[in-house]
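Peer 1:
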Amino acid sequence: MPEVAPVPLSQLTTLRTGGAPARLVEAATTDELVAALREAWADGEPWFVLGGGSNLFVGDEPFQGTVIRVRTFGIEELPGSRPDTVRLRVQAGHDWDAFVAETVARGYAGVEAMSGIPGTVGAAPVQNVGAYGQEIVQTLVEVELIDESTGEVARVSASDLGLGFRTSVLKHHYGSVPERPAVILSVTLELERVGTDERPIAGEQLRGALGLDAEQSVSLRWIRDHVLATRARKGMVLDAEDPDTWSAGSFFQNAIVSEAFARTLPDACPKWPMGPALDPVTVIPLAAFDGILPPPPVENRQVKVSAAWLIENAGLSRGFRFPRSRAGLSTKHTLALTNRGEATAAEIAQLARFVQSRVAAEFGLVLQPEPVLVNVEL
């Protein structure tokens, strides 16, 4: 397999931090990727897989192990489950936004609102990426993966991946290990054949984000262009000339809390219930009815809370940074911790810890990091 001269991971990650690994392997085919993983697992040394480097925060010290860079790409078109659908099997190393652009060009709907998200296709199901009302879970059929515990390759249905809000059984959450340690080799999605003409948009969240009326018709291309423009205004489209984009994307997850806790937060804090509020139905046999109704069951719905609002209202404005520090909040979007120019991982981590402490002090909530942390602690 192609082993290449190690370079600092700051050159391969969008946050621009990270020392050089002891060993760097680039896998251009699925066979090379499988062989590299099996060899790394057999050696028992530290390892991790690198895709686009966009959801990764790597420490300053050299990584004493193997980094496997996934360079596979390609899209295979397959029949869909219905005449108006198509399935696309995409290699894990394929650039995500390039894939979205291709689906738009072919007139296939289902991922266009996720335009501009950096990274590779193989990383998308790991954290169930989403934007503006679309998530991978809505179109994902299956993944092909290699299981770390057995070294075996298998196709796994989307229903077996535990896909939830920015999570799956494959995700390495901060402070824990994945429920199913494995690496994705390819991803199969089922999309709608809608063509390139204008049509009404069903998603209320997408319509709201783009300022569309319910009756207004637009094309997939129009949606992609406007999503890219919206993300660019927030510094969320990679730009080599814009330090606001030198980040790992949203550094903190929107918090998922109980409905009871959400009520303790200010009314102005944006909150989104994670499920519908249903009126409970109690059925009591007539022969057993004694004239007294039991109390209704207590619902324990979860609520998503805006991390950006919490940060801003904890007194941290856009562009905040410590004196002489080269790490700072984006000047466009407080969820992004940015490298303003040769910042160390230690500087980024210092800022992240301070954000967490301020939000915890003001609102009693500890924000959790979204990127995978390697060789670094918060």
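Taking the UniProt record's numbering, I'd label the letters of the sequence shown as residues 1 to 378.
Glycine included, C-beta positions come from ideal geometry on N, C-alpha and C.
This structure is a prediction, so every number in the text was calculated from the model and none was measured.
If we count the other Cβ atoms within 10 Å of its Cβ and call it buried at 16 or more, is residue 63 buried or exposed?
Peer 2: buried
Peer 1: Quick one: what does DSSP say residue 263 is sitting in, helix, strand or coil?
Peer 2: coil
Peer 1: With a cut-off of 8 Å on the beta carbons, I'd call residue 345 and residue 18 a contact; round off their distance for me.
Peer 2: Contact holds; Cβ gap of about 7 Å.
Peer 1: For residue 375 and residue 61, which I take to be in contact (beta-carbon distance under 8 Å), what is that distance rounded to the nearest angstrom?
Peer 2: Yes, residue 375 and residue 61 are in contact; Cβ-Cβ is about 6 Å, under 8 Å.
Peer 1: Which residues in the same chain have their Cβ closer than 7 Å to the Cβ of residue 16, if we skip the five residues on either side of it in sequence?
Peer 2: 10, 246 and 339
Peer 1: Is the beta carbon of residue 256 closer than 8 Å to that of residue 205?
Peer 2: no
Peer 1: Looking at residue 185 and residue 153, is the spacing between their C-beta atoms short of 8 Å?
Peer 2: At the C-beta level, residue 153 and residue 185 come within 8 Å of one another.
Peer 1: Helix, strand or coil for residue 338? Go by DSSP, reduced to three states.
Peer 2: strand
Peer 1: Assuming residue 57 and residue 371 make a contact with CB atoms under 8 Å, what is their CB distance in whole Å?
Peer 2: 5 Å
Peer 1: What do you get for residue 4, buried or exposed, if any count of 16 or more other CB atoms within 10 angstroms of its CB means buried?
Peer 2: Counting Cβ neighbours within 10 Å, residue 4 comes out exposed, since fewer than 16 surround it.
Peer 1: I'd like to check one pair, residue 159 with residue 128: are the Cβ atoms closer than 8 Å?
Peer 2: no
Peer 1: Kindly identify the DSSP beta-bridge partner or partners of residue 369.
Peer 2: 252
Peer 1: Rounded to whole angstroms, what's the CA-CA distance from residue 233 to residue 92? Just pull it up for me.
Peer 2: 29 Å
Peer 1: Determine the extent of the beta strand (DSSP E) in which residue 272 is found, giving its start and end residues.
Peer 2: 271-273
Peer 1: Mapping the DSSP letters down to three states, classify residue 177 as helix, strand or coil.
Peer 2: DSSP places residue 177 in the coil class of the three-state scheme, outside both helix and strand.
Peer 1: With a CB to CB cut of under 6 Å and the five nearest residues on each side skipped, what residues in its chain are close to residue 207?
Peer 2: 201
Peer 1: Does the region 355-368 touch the region 303-320, meaning 3 or more C-beta pairs lie closer than 8 Å?
Peer 2: yes
Peer 1: If you run the structure through DSSP and keep just helix, strand and coil, what is residue 21?
Peer 2: In the structure shown, residue 21 adopts extended strand secondary structure according to DSSP, grouped into three states.
Peer 1: I need the DSSP call for residue 47, collapsed to helix, strand or coil.
Peer 2: DSSP, reduced to helix, strand and coil, places residue 47 within a strand of the structure shown.
Peer 1: Please look up how many angstroms separate the CB atoms of residue 121 and residue 187, rounded, as I've assumed it's under 8 Å.
Peer 2: 5 Å
Peer 1: Please identify the residue among 27, 40 and 146 whose C-alpha is closest to the C-alpha of residue 71.
Peer 2: 27
Peer 1: Hey, how far is the Cα of residue 40 from the Cα of residue 46?
Peer 2: 8 Å
Peer 1: Would you decide whether residue 69 is buried or exposed? Buried here means 16 or more other CB atoms lie within 10 Å of its CB.
Peer 2: buried
Peer 1: When you compare only the Cα positions, how much space is there between residue 43 and residue 177?
Peer 2: 20 Å
Peer 1: So who's on the other strand from residue 258, going by DSSP bridges?
Peer 2: 302
Peer 1: Taking a contact to mean a Cβ-Cβ separation below 8 Å, would you say residue 134 touches residue 113 in this structure?
Peer 2: yes
Peer 1: What's the gap between the Cα of residue 2 and the Cα of residue 126?
Peer 2: 26 Å
Peer 1: Residues in the same chain with beta-carbon distance under 8 Å from residue 74, minus the five sequence neighbours each way, listed in chain order, please.
Peer 2: 90, 91 and 94
Peer 1: Does the Cβ-Cβ distance between residue 249 and residue 55 come in under 8 Å?
Peer 2: yes
Peer 1: In the DSSP assignment, find the unbroken alpha helix (DSSP H) run with residue 322 in it and report its ends.
Peer 2: Run containing residue 322: none; DSSP gives neither H nor E here.
Peer 1: Out of 273, 322, 221 and 254, which has the shortest C-alpha to C-alpha gap to residue 309?
Peer 2: 254
Peer 1: Under 8 Å, do residue 228 and residue 325 count as touching if we go by C-beta distance?
Peer 2: no
Peer 1: Residue 210 bridges to which residues according to DSSP?
Peer 2: Beta-bridge pairing by DSSP links residue 210 to no other residue.
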